[in-house]
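Below: the structure, in C-alpha cells.
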C-alpha cells in the first residue's frame with residue numbers, strides 16, 4: 258500500500274466539493290458525527306438534502322460564503338492505497354492556492370462541466386498542472402446526467418481537451434464520464450454509460466503507477482542538519498542528516514559537496530539507526546563522508562559523475578504570491594530545499610496568460626497570481642536541476658526578507 | 272552487519288510518512304534556535320518522540336520535551352511520561368496550569384466538566400516566553416478536525432500565539448519557510464498528513480509502547496449525553512448521574528474532564544486497529560467533549576493561541 262497525492266481542480270460550480278464529498282462518503286471515510294454536523298449545517302442553509310460540499314469547507318468564512326479559499330487536505334484509504342487530497346479553490350484569484358496544492362501532487366483531477374465543455378478555467382487548471390509538472394492527469398467530465406449521459410457530448414469534450422493537452426505537453430491523460438452528485442462512475446463503474454469502456458474514478462486512482470515517478474538516477478541529498486553527539490564514545494561522529502530527494506546512494510560512492518565542489522566518498526549510511534549498504538529516495542537518512550570536509554546545512558551532496566547545474570543566475574517561471582507587486586530590481590531570499598541565498602530580480606521577460614498560454618509583453622510589475630518568466634541573480638551559487646527534469650530539485654520559493662512571507666514559487670527553467 | 276535496505280521492499284505509506292515527518296523535524300532543528308517538542312503523553316506525541324529519536328540519534332534531541340500540565344491528567348499518562356523521559360535520557364520541562372491560575376488570577380471554568388483546556392493556552396504562551404521558544408513541534412493531524420485540515424505544517428503564530436487562517440504562507444513542495452520576526456513563533460506539525468489509523472498502524476509496526484489506558488480496562492464511568500466520562504475528583508458528580516463499572520479504553524488521551532472513554536474489549540493493538548476500522552464515529556467526535564461546543568470550536572481556539 259502506497260500513497261497517492263492528488264489535487265482536485267475545479268470550482269464549486271463544477272461539482273468539485275461534491276466529488277470529494279462523494280469519494281469520502283462512498284469510501285466510508287466520513288464518520289457519523291461529521292455527517293451529523295453537515296446535516297445540521299445543510300438545514301441551516303435551508304437546503305433539503307445533505308450538502309456533501311460542506312465536508313470540505315474548513316473555515317467559518319468559507320462556510321458562510323459557500324466558497325473554498327484555501328487549500329484543505331483530506332485523507333482516505335482503500336485497501337490498495339492511502340490518498341491525500343489537496344482540495345484547492347478554482348477561481349483565478351486563488352491561482353496561488355492551486356499552485357501550492359499542485360506542487361506536491363502526483364495526479365490532478367481536472368473537472369469539466371459536461372454542459373460547458375472545455376472553458377477558460379479548464380485551460381487555466383491544465384496550464385497549472387503542466388507548469389507544476391504533475392505527472393498524471395484525469396479529466397473528469399462531470400454532470401453527465403444533465404446532458405442525458407450523451408456519448409457525443411463526451412467525445413467532443415475529449416477531442417477539445419486533447420488539443421489543449423497536446424499544446425501543454427501533458428502526458429498520461431485519462432478521461433472519464435461521471436456524475437458526482439449521483440455517484441456515477443465514482444467508486445463503482447456505473448451502468449449509465451454503457452459506451453464507456455474504462456474503469457471507475459476510484460479504480461483509476463487506485464491503479465495509476467506512481468512509483469516510477471521517483472527519480473532513482475540523479476542522486477541529490479540536501480543536508481538539513483549535522484549530527485555531532487560530541488560524547489566520549491562518539492567523539493568523532495559527524496553525520497549529515499537529510500532526505501534523499503532523488504537517486505540512490507551506496508557506501509563507497511564518489512561524491513561532491515556543492516557549492517564548495519569538494520569531493521569525498523560515502524563511508525557510512527545510516528537508516529533508522531541501522532547501517533545500510535545503500536539508501537534511496539525518498540528515505541530520510543544520515544550520510545557520513547570519508548574525509549573531514551566542510552559540509553553544513555544548505556549544501557547538497559551529489560554523485561561526482563552526475564552533478565546538477567551550479568549557477569548564480571537562473572531563469573524561472575515564477576508564480577507571484579505576494580500582495581505587494583514584484584518589480585525588476587526587487588530583492589528577496591531564495592530558498593531551494595535547505596539552501597537560502599539572497600536574490601535579486603534582474604529581468605521580467607514576459608507574462609504568461611494562464612487562460613490561453615500566450616506570452617504577453619512583460620509588465621512593469623507582476624501582481625498577485627501572475628505567472629511571469631524571470632531572470633534571478635543570486636548572491637551565491639545554487640545547485641539546481643531544471644524543474645521539468647527533476648521537480649524535487651528545481652522548485653524554489655522567494656521570501657520577502659522584511660515580512661518573512663513566502664511571496665513567490667519558482668519553477669527553474 | 273549491514274542491514275538490507277531494498278528499494279522494492281521499502282516505501283509503503285508508513286515508510287513514506289515516517290520519512291516526511293523526520294524531514295520536517297530536521298528542518299526545525301536546522302532553522303530554529305530554540306525549538307521545543309510539545310508532549311502531552313498521548314499516542315500522537317509518543318509517536319513524535321519516536322520519530323525525533325530516529326531523526327537525531329545517536330545525537331541528543333535538539334529540543335526539550337515540554338508538557339503543559341493541566342493538573343487534570345490521567346495518572347497513567349503522567350507515569351508513562353516520566354518513564355519515557357527516563358528511558359531516553361532527554362530533558363523534560365513541565366509547566367503547570369495551576370501555577371498560571373494562581374499567579375495571574377485566572378478564573379477557572381465552572382460546571383460539571385469544568386475544563387482547563389482553554390487555560391492551557393495561557394501556560395503555553397508563558398512557557399514560550401520564559402524559554403524564548405521560536406518553534407513548538409506539535410502532534411496535531413489534519414484529519415482530526417476541519418480547521419486543522421487547513422493549517423500549514425509550519426504555522427506562524429503572532430506574539431499572542433494567534434493563528435490567522437487568512438494570512439497563511441503558501442507551503443510548496445517540501446520547502447518550509449520558518450523565518451519569523453522577534454516575538455513570533457512557529458507551530459510545526461510533522462504528522463499533519465497522518466490519519467488516526469496511520470498512527471495506530473505505525474505503533475503496531477514499530478512496537479511502540481503506550482500508556483495502559485489505551486487498552487481495555489475496568490473503570491468507573493458516568494454516562495453523559497452518550498459519552499462515558501471517568502469519575503474523578505475533577506468532575507462534579509450529580510445525584511441523577513448513572514455511574515457504573517465498564518470495560519473501556521481511551522481513543523485519545525487528554526484531560527480527565529474533557530476526554531471520554533469508549534466501551535471496548537480490545538486489549539492489544541491488533542484488536543484496537545480492528546475496532547477503529549469498524550468504527551463509525553470520528554476520533555474527536557467520540558472522545559472529545561470540548562469540540563462539541565460549536566461548529567468552529569477548534570478554529571476559534573487555534574485563533575486564540577491553542578496548539
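Residue numbers (my numbering), protein chains in the order written: chain A, 258 to 670; chain B, 272 to 578.
Virtual Cβ for every residue (Gly too), placed ideally from N, Cα, C.
Output, in chain order, the set of chain A residues within a Cβ distance shorter than 7 Å of residue 394/B. Those within 7 Å of residue 394/B in chain A number zero; the least Cβ separation is about 27 Å.
Should residue 294/B be labelled buried (16 or more other beta-carbon atoms within 10 Å of its own) or exposed? buried
Is any beta-carbon of chain B found at less than 9 Å from that of residue 305/A? Confidence in residue 305/A is poor, its pLDDT being 44 and thus under 50, which makes the residue's placement unreliable; the coordinate value appears in the next sentence. With 9 Å as the cut-off, residue 305/A does not count as an interface residue toward chain B.
Return the residues of the segment 414-438 of chain A that lie within a Cβ-Cβ distance of less than 8 Å from chain B, sorted by chain order. none
Have a look at 382/B, 409/B and 366/B and flag the residue whose alpha-carbon is nearest the alpha-carbon of residue 400/B. 366/B
In whole angstroms, what is the alpha-carbon distance linking residue 337/B and residue 362/B? 9 Å
Using a Cβ-Cβ cut-off of 9 Å, state whether residue 616/A counts as contacting chain B. no
Between which two residues does the alpha helix (DSSP H) containing residue 398/B stretch? 391-402
Run the CB neighbour count on residue 319/B, radius 10 Å, all protein chains shown included, and call it buried at 16 or more, exposed below. buried
With distances taken Cα to Cα, identify the nearest neighbour of residue 284/A among 440/A, 374/A, 399/A and 265/A. 440/A
Identify the contact partners of residue 265/A in chain B, using a Cβ-Cβ distance below 8 Å as the criterion. Per Cβ cutoff of 8 Å: no residues; residue 265/A is ~14 Å from chain B at best.
Mind checking if residue 330/B is an interface residue toward chain A, Cβ cutoff 9 Å exclusive? yes
Which residues, in order along the segment 578-595 of chain A, keep a beta-carbon less than 8 Å from a beta-carbon of chain B? 578, 590, 592, 593, 594 and 595
Contacts that residue 539/A makes with chain B (C-beta to C-beta distance below 7 Å): 287 and 290
Of the listed residues 340/A, 459/A and 606/A, nearest to residue 616/A (C-alpha basis): 606/A
Taking only three categories from DSSP, how would you classify residue 658/A? coil
So within the segment 574-656 of chain A, which uninterrupted beta strand (DSSP E) runs reach at least 3 residues, ignoring any that extend past its ends? 588-593, 596-609, 616-618, 628-641 and 652-656
Proximal residues to residue 292/B (C-beta, below 7 Å), its chain only, five neighbours per side dropped: 322, 461 and 462
For the segment 528-577 of chain A, which segments carrying the beta strand (DSSP E) assignment without a break, of at least 3 residues, lie completely within its bounds, in sequence order? 531-533, 535-537, 541-546, 557-560 and 566-577
Can you find the residues in the same chain that come closer than 7 Å, C-beta to C-beta, to residue 305/B, ignoring five residues on each side of it along the sequence? 402, 403, 404 and 405
Is the number of C-beta pairs between the segment 594-603 of chain A and the segment 552-563 of chain A that are closer than 8 Å three or more? yes
How big is the Cα-Cα spacing for residue 307/B and residue 531/A? 26 Å
Compare the beta carbon distance of residue 565/A and residue 491/A with 9 Å and say whether it is the shorter of the two. no
Compile a chain-ordered list of the residues in the segment 438-452 of chain B whose CB is closer than 7 Å to at least one CB of chain A. 439, 440, 441, 442, 443, 444, 446, 448, 450, 451 and 452
Closer than 8 Å is the cut-off here; do at least three beta carbon pairs connect the segment 395-403 of chain A with the segment 364-373 of chain A? yes
Could you confirm whether any beta carbon from chain A is found closer than 9 Å to the beta carbon of residue 635/B? Given a span of 272 to 578 for chain B in the structure shown, any question on residue 635/B remains unanswerable.
With DSSP run on the structure shown, which of helix, strand or coil describes residue 380/A? helix
Under 7 Å from the C-beta of residue 258/A: neighbouring residues of chain B: 283 and 284
Of all the beta strand (DSSP E) runs that stay within the bounds of the segment 345-389 of chain B, which reach a length of 3 or more residues? 363-367
Would you list, in chain order, the members of the segment 505-522 of chain A that have their beta-carbon closer than 9 Å to a beta-carbon of chain B? 505 and 508
Hey, out of 472/A, 545/A and 627/A, whose CA is closest to residue 651/A's CA? 472/A
Given a cut-off of 9 Å, decide if residue 260/A and residue 340/A are closer than it, judged by their beta-carbon atoms. yes
Which residues in chain B sit within 7 Å of residue 273/A, going by Cβ to Cβ distance? The premise fails here: residue 273/A is roughly 15 Å from chain B at the closest Cβ pair, so nothing lies under 7 Å.
Enumerate in chain order the residues of its own chain whose CB-to-CB distance from residue 341/B is below 7 Å, with the five nearest sequence positions on each side excluded. 368, 387, 391 and 526
Just grab the DSSP bridge partners of residue 393/A for me. 364/A
Kindly indicate if chain B contains any beta-carbon less than 9 Å away from that of residue 357/A. yes
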